[in-house]
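Numbering (my numbering), first residue to last: 12 to 401.
Don't be surprised by glycine CBs; every beta carbon is placed ideally from N, CA and C.
Have a look at the structure below, then the notes.
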Ligand SMILES: Cc1cc2nc3c(=O)[nH]c(=O)nc-3n(C[C@H](O)[C@H](O)[C@H](O)COP(=O)(O)OP(=O)(O)OC[C@H]3O[C@@H](n4cnc5c(N)ncnc54)[C@H](O)[C@@H]3O)c2cc1C
């Protein structure tokens, strides 16, 4: 990327990008392969990210953020995601899925109590929608929250929750009135150390091994009524809006994956000699590199457009967020595959990064909404069946 042509970026954005890039290359990259192989979550790296206020871009200064905005958040997320798909998750766990939701819908008390703690990473967050029998069809969730005096009593099970085994607080979506369907969902801020909460770490998964993922089991967990996020019965609307934030983070991470695959492929193509010359000189290898460049930059352009719209106040730009997430997640699947063609047998080896990048890139087509759901939103909008932007 050349600064001169990055017309969307201000000087502050460029300074931020260079700072995060340096941090990611110097502090994360040296450990990433070992951490992935050991399935080791480095809490200290999250603390260092907090020291640099990397979680604070869309959060105002009064709550510990830096108020730099959504494009800044996208830049930070891409740079972290370029080096570690596992640590990229932190940008949703501390910022978009938790702090931003509390900022938008939580009481003043919740905002003051929790957002600065998430910004500084004194507390780690998670957000829990998915259940064993409820994925894309979120309204079918079985977790219940029943009002009991000054509290709600939560019962149910969530699975595939990023950071469940390490989180201190969770934004938990539950049904307060199952019969009311969409209008019967509510969101709660739950202390993960409360009596009745237990977690089970997901042991075997395809990628992002250094990112703890797990189940949350809730058995008669008492949550103070004041810890509801927004109003009772408004949870589905909050969830849809929250996804318009978390999908930007996922899309930005996906661009990071593409850039990582491209960087590794260019380096290899210039170093590897066959038939007496670097393979970079063969046109068929160049064709693969050209496709990788095009996919990476097209994905980034969609992500930046989405972020710039949000910075201009269009924070509920569902259509453009879904488009960015759809395109970037597909690219994060395809571009590392192209990288594997360049590195060939060495790409199949764990001694080169492509194998890890390829594994980790696959997650973006699943989390924050499966690809079919993204396609459904884009197509029904285009066909005039259901407008994506309200
Ligand atoms: C590593 C990882 C981390 C995650 N982190 C979190 C987290 O922190 N919090 C959280 O709540 N969840 C999390 N998830 C869960 C994730 O959000 C869900 O997996 C995702 O929403 C899809 O649900 P599902 O996998 O159950 O698929 P399903 O909904 O069962 O779908 C299966 C397939 O059917 C397709 N499909 C479903 N409905 C339709 C339809 N109407 N039309 C066409 N096709 C359809 C889907 O596209 C998919 O291809 C995580 C998942 C992973 C893998």
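Close beta carbons around residue i, own chain, < 8 Å, minus the five adjacent residues each side
i: residue 130; result: 61, 64, 66, 67, 70, 74, 75, 76, 105, 110
i: residue 322; result: 80, 81, 82
i: residue 173; result: 100, 103, 104, 137, 222, 223, 224, 378
i: residue 36; result: 94
i: residue 118; result: 237
i: residue 309; result: 338, 342
i: residue 206; result: 232, 233
i: residue 30; result: 63
i: residue 145; result: 151, 152, 153
Chain-order list of residues whose beta-carbon lies under 6 Å from that of residue i (same chain, five-residue window excluded)
i: residue 7; result: One cannot answer for residue 7 here, as it falls past the ends of the chain, which runs 12 to 401.
i: residue 267; result: 89, 92, 93
i: residue 352; result: 299
i: residue 95; result: 39, 43
i: residue 171; result: 141
i: residue 371; result: 96, 218, 219
i: residue 150; result: 192, 193
i: residue 360; result: none
i: residue 78; result: 71, 72
i: residue 329; result: 255, 399, 400
i: residue 154; result: 167, 185
i: residue 108; result: 138, 257
i: residue 263; result: 85, 88, 89, 314
Cβ distance (whole Å) where residue i is taken to contact residue j below 8 Å
i: residue 384; j: residue 399; result: Not really, about 12 Å apart at Cβ, beyond 8 Å.
i: residue 289; j: residue 301; result: So it is not a contact: roughly 16 Å between Cβ atoms.
i: residue 347; j: residue 326; result: The Cβ separation is near 31 Å, so there is no contact.
i: residue 199; j: residue 152; result: Residue 199 to residue 152, Cβ: 13 Å. No contact.
i: residue 169; j: residue 142; result: 6 Å
i: residue 335; j: residue 314; result: 5 Å
i: residue 163; j: residue 236; result: 6 Å
i: residue 240; j: residue 203; result: Contact flag wrong, Cβ pair sits at about 15 Å.
i: residue 201; j: residue 234; result: 5 Å
i: residue 196; j: residue 250; result: 7 Å
i: residue 182; j: residue 112; result: 6 Å
i: residue 135; j: residue 177; result: 6 Å
i: residue 303; j: residue 349; result: 5 Å
i: residue 261; j: residue 340; result: 7 Å
Three-state secondary structure assigned by DSSP to residue i
i: residue 225; result: strand
i: residue 216; result: coil
i: residue 38; result: helix
i: residue 321; result: helix
i: residue 51; result: coil
i: residue 31; result: helix
i: residue 22; result: helix
i: residue 386; result: helix
i: residue 238; result: helix
i: residue 231; result: strand
Residue i Cβ short of 7 Å to ligand 3 heavy atom set
i: residue 91; result: For the structure depicted, ligand 3 is absent and the ligand set comprises only ligand 1.
7 Å CB neighbourhood of residue i in its chain, flanking five on each side removed
i: residue 332; result: 255, 258, 259, 317
i: residue 311; result: 266
i: residue 126; result: 70, 74, 75, 110, 113, 114
i: residue 50; result: 220, 221
Test: residue i CB closer than 8 Å to a CB of chain C
i: residue 105; result: The chain labelled as chain C is not found in the depicted structure, where only one protein chain is given.
Sequence ranges, beta strand (DSSP E) only - wholly within the segment 128-210, length at least 3: As far as the segment 128-210 is concerned, its whole beta strand (DSSP E) runs of at least 3 residues are 136-139, 155-159, 162-173, 180-186, 196-202.
Segments assigned alpha helix (DSSP H), at least 4 residues, entirely inside the segment 254-283: List check, alpha helix (DSSP H) in window: nothing returned.
Inside the segment 53-130 only - beta strand (DSSP E) runs reaching at least 3 residues: Counting only runs of 3 or more residues that sit fully inside the segment 53-130, no beta strand (DSSP E) segment turns up.
Alpha helix (DSSP H) runs contained entirely in the segment 298-376, provided each spans 4 or more residues: Whole alpha helix (DSSP H) segments, 4+ residues: 329-358, 365-372.
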